[in-house]
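Notes to accompany the following structure.
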Amino acid sequence: MKEEKRQNLLILMCWLVYVSSYLSRYSYNSNIVAIKDYYGVTNSVTGLVSTCFFFAYGTGQLVNGLMCKKYNAKVFLSLSLVLSALINFIIFTLPPISLYKYLWLLNGASLSVLWSLLMLTLSRNLDEKHLTAAMLVMSSTVSAGTVLSYGSSALYNLFGGFRYAFLTGGTVAVVVAIGWFFCCDKLTKPVEETNKGKLSSDSKKRRIDSSVIVMIAVFGVFMTAGNLLKDSLTVWVPQILKDSYGFNDSLSIVLTIALPFLGLFGATLLVGMNKIIKNGIVLNGILFAVSGLCVFAVRKLLNTNYYIPVIVLFGILSLLMNAVNNYSTSFFPLMMRESVNSGLLAGILNACGYVGSTVSAYCMGAVADKSGWNGVFVLLTILCVAAVVFSVPFIFILKNLRAKN
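Under this note's numbering, read the sequence shown as residues 70 to 474, first letter to last.
Put into structure tokens, the structure is as follows:
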């Protein structure tokens, strides 16, 4: 197999692995409204299931980020998808709602293997040219997987069969797992070390600069805040549209697809902004500032007749927060591969993100139960303002550290 073709196919397979995982992880979130109605439970009960997933996934990111360099990518990635598929097949049978949180906790632990190991696999097996392409391609996985998951769920809800989303998620995960298992050996081949390419032995042993440590900490905070906002929207927008405007389950989910669809362009936005704004902290600060304005506008328009602007604003927020997520989980880990293990860095930052995701599911549901959705959007506005204020001093701190180094 020609080297060009091998590297392109590797990127494609890694993309398929992660996109398929979103079908088997969002099979629950994309049907949270229908599940709530079917079992007759509260927002906090259904939110707790997502919280269990996020907790296990975030904790697993730290463990797997540290250990991924010792994993066999062929075996671990395949087993991760197969286990997730089995869990989805169990929920397809509609077990008691009390079991969901335990099953989804296990699902989160299983899928936490994927991202750090995929980032490490790409960083080891791609040259500089294809690594740039991989940044863009892999940054679209979250949005693409979310669109597919919510799109199929909307179709199933239209016919009153939300449980078939779990059957779809499990089936796709098994098919992709089999494909990865049989293709992995042919597609993974460490590229030759060059001055412009892979890590040299010296760079592997190089001490990490203090400026790099500061950037990791700052982007970890951005990931926490960004995922809290992003997943608050992903999990709860269908319920918000139903409660505020009386939309049925299927229509709420269809309209919610606007969020991840616009999120597909998060990487494009990020690349365009990065050409003008080279400082990653400044770039992320601007993204949070605009997001804060959008959240404030949603709060003012909620429960009025202007539901179309609200949906548009939700889509813009998804675009902005996907850009924040893409920078920390794709661009930054791969750009820093000569200083830090890309898998480890991706695992650490993803773990930070899922701290925010964990809070978004249960806590936002609980706030909505007590204070309504207006209370949720007040908290999200404060979050965006806090992220902007947090970014300002670190712009100068990082500048001084780089000057010293």
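Here a beta-carbon is modelled for each residue, glycine too, at the ideal position from N, C-alpha and C.
Subject >> Span separating the alpha-carbon of Gly129 from that of Val110 >> reply: 29 Å
**OP:** Go through its chain and collect everything with a Cβ distance to Cys252's Cβ below 8 Å, but skip five positions before and after it.
**Re:** Leu78, Met82
Original post:
Residue ranges of each alpha helix (DSSP H) run of no fewer than 4 residues wholly in the stretch 112-187, ordered along the chain?
Top reply: Fully enclosed alpha helix (DSSP H) runs of 4 or longer: 112-136, 142-161, 166-180.
Original post:
Once you ignore the five residues that flank Leu298 on each side, which residues in its own chain have a CB closer than 8 Å to its CB?
Top reply: Ser360, Val364, Leu386, Met390, Gly425, Ser429, Leu449, Leu452, Cys453
Subject >> Asn226 - DSSP class collapsed to helix/strand/coil >> reply: helix
Original post:
Is the stretch 108-122 touching the stretch 197-215, taking contact as three or more C-beta pairs under 8 Å?
Top reply: They do not touch, by the three-pair rule.
Original post:
Once you ignore the five residues that flank Trp184 on each side, which residues in its own chain have a CB closer than 6 Å to its CB?
Top reply: Closer than 6 Å at Cβ, skipping near neighbours: Ala415, Asn419.
Subject >> Meets three-Cβ-pair contact criterion under 8 Å: the stretch 198-208 and the stretch 137-147 >> reply: no
Original post:
Helix, strand or coil: how does DSSP classify Leu371 here?
Top reply: DSSP places Leu371 in coil when its eight states are reduced to three.
Subject >> Element boundaries [alpha helix (DSSP H), containing Phe291] >> reply: 279-314
Original post:
Between Arg75 and the rest of its own chain, which residues show a CB-CB distance below 8 Å, the 5 nearest in sequence each way excluded?
Top reply: Lys255, Leu256, Lys258
Original post:
Are the beta-carbon atoms belonging to Ser280 and Leu413 less than 8 Å from one another?
Top reply: Annotated as distal: Ser280 and Leu413, with beta-carbon spacing of 8 Å or more.
Original post:
Closest to Ser167 by CA distance: which of Ser221, Val182, Ile104, Phe124 is it?
Top reply: Ile104
Original post:
Smallest Cα separation from Thr231: which of Val244, Phe161, Phe291?
Top reply: Residue identity differs from the one stated: residue 231 is Phe in this sequence, not Thr. The shortest Cα separation from Phe231 among Val244, Phe161, Phe291 belongs to Phe161.
Subject >> Check: Asn141 C-beta below 7 Å from any heavy atom of the ligand HEM >> reply: Because no ligand of any kind appears in the structure shown, any question about the ligand HEM cannot be addressed here.
**OP:** Identify the continuous alpha helix (DSSP H) that holds Leu333 and give its terminal residues.
**Re:** Careful: Leu333 lies outside any alpha helix (DSSP H) and carries neither H nor E.
Subject >> Collapsed DSSP secondary structure at Phe231 in the structure displayed >> reply: coil
**OP:** Indicate whether the contact test is met: 3 or more Cβ pairs, each with one atom in the stretch 215-222 and one in the stretch 130-142, closer than 8 Å.
**Re:** no
Subject >> Spatially closest choice to Arg193 from Trp442, Val114, Pro462, Ser411, by CA coordinates >> reply: Ser411
Original post:
Roughly how many angstroms lie between the CA atoms of Phe446 and Arg368, to the nearest whole one?
Top reply: 6 Å
**OP:** Answer with buried or exposed for Tyr375, where buried requires no fewer than 16 other C-beta atoms within 10 angstroms of its C-beta.
**Re:** exposed
Original post:
For the 8 Å Cβ check, are there 3 or more pairs between the stretch 391-408 and the stretch 302-315?
Top reply: no
Original post:
Exposed or buried, what is Gly229 when buried is set at 16 or more other beta-carbons lying within 10 Å of its beta-carbon?
Top reply: exposed
**OP:** Measure the C-alpha to C-alpha separation of Leu172 and Pro164 and round it to an integer number of angstroms.
**Re:** 10 Å
**OP:** Give the straight-line distance between the Cα atoms of Arg94 and Ala472, rounded to the nearest whole angstrom.
**Re:** 44 Å
Original post:
Among Leu356, Ala125, Ala242, which one has its Cα closest to the Cα of Val90?
Top reply: Reading off the sequence, residue 90 comes out as Ser, not Val. Per the Cα distances, Ala242.
Original post:
Is the distance from the Cβ of Gly289 to the Cβ of Ile377 below 8 Å?
Top reply: no
Subject >> Length of the line joining the Cα atoms of Asn443 and Leu338 >> reply: Cα-Cα distance, rounded: 29 Å.
Original post:
Are the Cβ atoms of Tyr87 and Leu187 separated by less than 8 Å?
Top reply: yes
Original post:
With distances taken between CB atoms, is the gap from Ala234 to Asn317 smaller than 8 Å?
Top reply: no
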